[in-house]
Structure formats: C-alpha cells, structure tokens
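I have placed the structure first, in the form of structure tokens, so that the comments after it can refer back to it.
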Amino acid sequence: MDIENAQKAVDDWINEHGVRYFNELTNMAQLTEEVGEVARIIARRYGEQSEKESDKDKDLGEELADVMFVVLCLANQTGVNLQEAFDKKLDIKTKRDHDRHHNNEKLK
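Oh and the sequence shown: position 105 is 105 in full-length UniProt numbering, straight run, nothing missing.
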C-alpha cells in the first residue's frame with residue numbers, strides 16, 4: 001500500500017468506526033505518546049536499559065504502526081498529501097546528502 005492509499009484507508013476507518021478525527025492538538029499529544037512507547041521498546045530492547053518483564057511482549061511493529069496511524073490522521077486533517085511530501089523529501093535528501101554520507105568518516 002502506498003502512502004496515498006494509507007491516508008485514504010485511515011480516513012475510511014475514521015468515517016466508519018470513529019465518530020470524527022480528534023482535534024490536531026489531541027492527535028499531536030497522542031503522537032508524542034506513541035513515539036514514547038516506541039522509544040521505550042528501543043531503549044530497553046536495543047539500548048543499555050534492561051527490559052522489564054512486562055515489556056518483553058510489546059510488539060515494536062505494532063507501536064510503529066500506531067505512530068504511522070496518527071501521522072496519517074494529522075496529514076488528513078491538515079490537508080497534507082503525505083505521498084507528495086514524502087517523495088519531495090526523499091528527492092531533497094538524495095540530492096543533498098548522497099556525497100555527504102559517503103564522505104563522512106564516522107560512517108566508515
């Protein structure tokens with residue numbers, strides 16, 4: 001599924017199963033919460049913190065999908081075509097960063 005279809009799928013879901021979109025500030029807070037859940041898994045599973053027994057069954061993919069869902073909600077409710085924005089950003093990063101990363105001694 002491309003990003004454009006993902007935005008439509010989220011909008012369809014909101015219209016079928018939700019009452020409406022949460023307002024933008026609520027979704028921003030929700031996004032922060034979801035990113036925090038991803039950070040907790042990464043810090044404990046891949047970082048130096050020990051993983052609590054209660055966190056061992058957490059699904060990183062599910063938490064990343066939660067982040068994506070809220071980002072898609074925010075894009076929909078603010079009129080952002082995320083497919084176009086992503087394609088543009090990838091082009092900018094490709095042109096700007098190709099040589100930069102190849103020439104970075106820290107990455108060798």
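By construction, the Cβ of each residue, glycine as well, lies at the ideal position given by its N, Cα and C atoms.
Pairing E4 with Q77 gives a Cβ-Cβ distance that is not under 8 Å. Residue state for E48 is assigned as coil, using DSSP reduced to three classes. For M68, the enclosing alpha helix (DSSP H) has its first and last residue at L60 to T78. When Cβ pairs closer than 8 Å are counted between the two stretches, the region 3–17 is seen to touch the region 64–74, the count reaching three or more. By the beta-carbon neighbour count (other beta carbons within 10 angstroms, threshold 16), I41 is buried.
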